[in-house]
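Chains as they are written, first to last, in the working numbering: chain A, 1 to 323; chain B, 1 to 324.
Below: the structure, in structure tokens.
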């Protein structure tokens with residue numbers, strides 16, 4: 001493990017041992033907070049949601065939860081319900097451009113909006129991972145893994161639609177500019193938002209028949225890693241060992257895949273969704289306590305390069321132990 | 001003996017009303033437990049959120065009325081939500097490339113009519129089952145839309161589309177007025193015109209309609225065109241609601257369309273699919289899901305609660321029909 005990685009993990013451990021709010025005297029007593037999440041099927045979404053709701057309750061607040069069922073439109077519409085409920089504040093987790101007019105309406109009604117992974121001019125604050133670091137790190141790791149040259153396919157449905165994905169994929173591409181031997185296969189692939197693993201599996205099988213052994217070096221998922229689960233399945237089904245996989249998010253499901261012997265899934269950057277959700281809830285409390293918040297709050301990430309680091313990150317992030 | 005028969009009939013009548021009674025009971029329960037549920041603003045919210053479903057339900061109801069309401073062998077059009085997202089996708093993509101809205105709408109309209117026309121030809125000429133035809137069409141049309149939009153989200157902020165969401169006329173959102181007007185026109189056409197009555201006759205009994213000289217296939221074909229038109233209009237409401245086209249909207253829309261339309265049949269006295277039943281179904285499903293969310297019901301349970309409620313209502317409806 002790199003020293004830098006160790007330093008990051010160490011800082012994470014410290015932040016776990018002593019939660020940021022342990023010495024703060026903020027409270028959400030008597031407040032009703034709406035928590036809108038785009039879906040609860042995936043680990044990341046669910047954990048961010050759980051982190052936000054449990055922290056609101058720990059701080060004495062009441063939660064009105066709404067779930068978009070992994071449908072961006074339903075997620076956006078759910079904000080109308082929170083508006084009608086006259087909640088005191090809203091935490092909105094993910095979502096695409098469809099939520100913007102809803103944020104504007106909430107703001108207009110005097111209800112402050114706090115976002116997670118969705119910077120918006122109508123929000124008080126956005127809590128997110130250090131997406132800049134994620135994008136460049138995964139670019140370097142991937143380039144190293146394939147020896148600095150080769151053909152790479154990328155799943156990139158959201159670069160233009162979600163700012164966080166624009167940062168992550170944009171900076172991945174920025175790093176690759178310094179590797180003239182690496183070619184990104186065009187057109188780029190677009191994964192489905194709902195049902196991503198299965199959709200990516202099918203698209204990867206098609207891709208593999210188009211690019212036979214020796215003509216493809218890596219498949220990267222630009223903004224998250226649920227599709228990578230399907231990519232790895234497809235590689236195993238097709239018996240291909242010449243293609244490496246890289247992606248971002250690093251939940252327990254994908255860290256487990258990375259920790260397997262001979263796994264093609266070689267690099268990731270793990271986020272802390274529960275801490276992100278929890279931090280967003282803390283920010284709501286700080287806001288009500290009269291503190292001025294910065295527009296963005298960044299939560300540490302854990303770079304994961306290879307099998308050994310996957311096992312270490314799994315343990316450090318509190319998911320258990322992998323043999 | 002007579003008293004017993006009468007008693008039995010009263011029980012049956014009550015049984016027949018159970019679907020309505022269950023829904024009313026749930027709504028009353030919600031209104032006591034959810035803040036601001038019984039307000040005009042919430043009613044507006046329920047209506048606004050159900051508009052796309054109401055539109056596609058009106059289209060589906062026309063197809064079911066013309067084809068008969070047997071779910072497997074009768075009339076059904078599962079492709080309407082796909083037509084709607086295609087119309088939205090084409091419009092969004094062309095707008096983003098700088099074409100004028102009228103041209104975008106014309107192309108979207110043409111594409112929708114092609115879908116409706118293909119459904120009509122496959123069902124009436126090649127005699128394919130509507131259920132399978134339109135399911136396949138759903139998959140194919142969503143595929144076309146994925147090509148058109150490259151499976152990506154496209155933002156739309158054209159003022160003519162935003163008015164459907166934001167503009168109010170006399171305190172009522174324009175979107176609600178437009179849909180109400182369209183639904184009224186479709187209702188008038190289906191129930192008050194000779195064409196509509198003939199179309200219903202075709203769905204009621206195909207053989208009888210043929211004997212009396214009606215061109216059965218023509219009416220069925222026209223119902224598919226009408227359905228595609230409802231999908232086309234719905235596309236603009238999808239764009240307005242989401243300020244753009246997001247991939248994946250079709251799945252939920254299809255589920256809600258089918259649920260609302262056949263749930264609506266449980267509310268009708270003769271247990272048949274009607275346009276009003278379908279629209280009422282769409283609005284009630286929206287009201288109940290908004291209600292549960294307002295109550296702060298655990299998100300991990302809402303799907304189960306909603307699904308169970310619908311099964312319960314449809315089961316009571318089926319039992320009461322069988323007993324009769």
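The C-beta atom is built at its ideal place from N, Cα and C for all residues, glycine as well.
Residue i: contacting residues in chain B (beta-carbon distance under 8 Å)
i, result
"residue 78 of chain A", "293"
"residue 40 of chain A", "299, 300"
"residue 227 of chain A", "By Cβ distance, chain B contributes nothing, its closest Cβ being about 12 Å from residue 227 of chain A, past 8 Å."
"residue 160 of chain A", "152, 153"
For residue j and residue i, believed in contact at Cβ under 8 Å, the rounded distance
i, j, result
"residue 153 of chain A", "residue 216 of chain A", "6 Å"
"residue 222 of chain A", "residue 183 of chain A", "Between residue 183 of chain A and residue 222 of chain A the Cβ distance is about 16 Å, and since that is not below 8 Å, they are no contact."
"residue 137 of chain A", "residue 245 of chain A", "16 Å between Cβ atoms; not a contact."
"residue 322 of chain A", "residue 256 of chain A", "7 Å"
"residue 84 of chain B", "residue 234 of chain B", "4 Å"
"residue 7 of chain B", "residue 226 of chain B", "In fact, because the Cβ distance is near 45 Å, the residues do not count as touching under 8 Å."
"residue 272 of chain B", "residue 265 of chain B", "6 Å"
For residue j and residue i, the rounded distance between their alpha carbons
i, j, result
"residue 65 of chain A", "residue 80 of chain A", "13 Å"
"residue 10 of chain A", "residue 290 of chain A", "Bear in mind that the predicted position of residue 10 of chain A carries a pLDDT of just 44, short of 50, making it too unreliable to give a figure here."
"residue 75 of chain A", "residue 97 of chain A", "11 Å"
"residue 243 of chain A", "residue 151 of chain A", "10 Å"
"residue 125 of chain B", "residue 74 of chain B", "16 Å"
"residue 302 of chain A", "residue 251 of chain A", "11 Å"
"residue 90 of chain B", "residue 115 of chain A", "31 Å"
"residue 52 of chain A", "residue 297 of chain A", "14 Å"
"residue 285 of chain A", "residue 110 of chain A", "16 Å"
"residue 108 of chain B", "residue 230 of chain B", "12 Å"
"residue 187 of chain A", "residue 78 of chain A", "34 Å"
"residue 165 of chain B", "residue 30 of chain B", "26 Å"
"residue 313 of chain B", "residue 246 of chain B", "32 Å"
"residue 81 of chain B", "residue 118 of chain A", "28 Å"
Coil, strand or helix - residue i by DSSP
i, result
"residue 99 of chain B", "coil"
"residue 14 of chain B", "helix"
"residue 38 of chain A", "coil"
"residue 245 of chain B", "strand"
"residue 93 of chain B", "helix"
"residue 295 of chain A", "coil"
"residue 130 of chain B", "helix"
"residue 80 of chain B", "helix"
"residue 71 of chain B", "coil"
"residue 39 of chain B", "coil"
"residue 215 of chain B", "coil"
"residue 26 of chain A", "coil"
"residue 261 of chain B", "helix"
"residue 123 of chain B", "helix"
"residue 301 of chain A", "coil"
"residue 32 of chain A", "strand"
"residue 319 of chain A", "coil"
"residue 231 of chain B", "helix"
"residue 268 of chain B", "coil"
"residue 7 of chain B", "helix"
Interface partners of residue i on chain B, CB under 7 Å
i, result
"residue 73 of chain A", "241, 242, 246, 249"
"residue 100 of chain A", "243"
Listed by chain order, chain B residues near residue i by CB distance under 9 Å
i, result
"residue 67 of chain A", "293, 299, 300, 302, 303"
"residue 206 of chain A", "Those within 9 Å of residue 206 of chain A in chain B number zero; the least Cβ separation is about 13 Å."
"residue 96 of chain A", "153, 155, 242, 244, 246"
Contacts that residue i makes with chain A (C-beta to C-beta distance below 8 Å)
i, result
"residue 360 of chain B", "Residue 360 of chain B falls outside the range modelled here, since chain B spans only 1 to 324, and no answer is possible."
"residue 225 of chain B", "By Cβ distance, chain A contributes nothing, its closest Cβ being about 27 Å from residue 225 of chain B, past 8 Å."
"residue 49 of chain B", "77, 80"
"residue 151 of chain B", "157, 190, 191, 192"
"residue 45 of chain B", "80, 81, 84"
"residue 35 of chain B", "85, 86"
"residue 252 of chain B", "69, 71, 73, 74"
Partner residues on chain E for residue i, Cβ-Cβ distance less than 9 Å
i, result
"residue 136 of chain A", "In the structure shown, chain E does not exist; the protein chains are A and B."
Proximity test, residue i beta-carbon vs the ligand SAH heavy atom, cut-off 6 Å
i, result
"residue 189 of chain A", "In the structure on display, the ligand SAH does not appear, and there are no ligands present to speak of."
Amino acids of chain A, ordered along the chain, whose beta-carbon sits closer than 7 Å to that of residue i
i, result
"residue 290 of chain B", "81"
"residue 130 of chain B", "By Cβ distance, chain A contributes nothing, its closest Cβ being about 26 Å from residue 130 of chain B, past 7 Å."
"residue 41 of chain B", "84"
Sequence ranges, alpha helix (DSSP H) only - wholly within the region 242-274 of chain A, length at least 4: List check, alpha helix (DSSP H) in window: 252-259.
Output the residue ranges of the beta strand (DSSP E) runs that lie fully inside the region 91-176 of chain A and measure 3 residues or longer, sorted by chain position. Fully contained in the region 91-176 of chain A are the following beta strand (DSSP E) runs of length 3 or more, in chain order: 113-116, 125-129, 150-155.
What are the uninterrupted segments assigned as alpha helix (DSSP H) that are 4 or more residues long and contained completely in the region 270-307 of chain B, given in chain order? DSSP runs (the alpha helix (DSSP H)) wholly in the region 270-307 of chain B: 275-294.
In chain order, each beta strand (DSSP E) run of at least 3 residues that lies wholly inside the region 166-236 of chain A: Within the region 166-236 of chain A, the complete beta strand (DSSP E) segments at least 3 residues long are 182-184, 218-221, listed from N- to C-terminus.
Segments assigned alpha helix (DSSP H), at least 4 residues, entirely inside the region 52-89 of chain A: The alpha helix (DSSP H) runs of length 4 or more contained entirely in the region 52-89 of chain A are, from start to end of the chain, 72-84.
Which residue spans inside the region 133-195 of chain B form an unbroken alpha helix (DSSP H) run of at least 4? Counting whole runs of 4 or more residues, the region 133-195 of chain B contains the alpha helix (DSSP H) stretches 159-166, 174-191.
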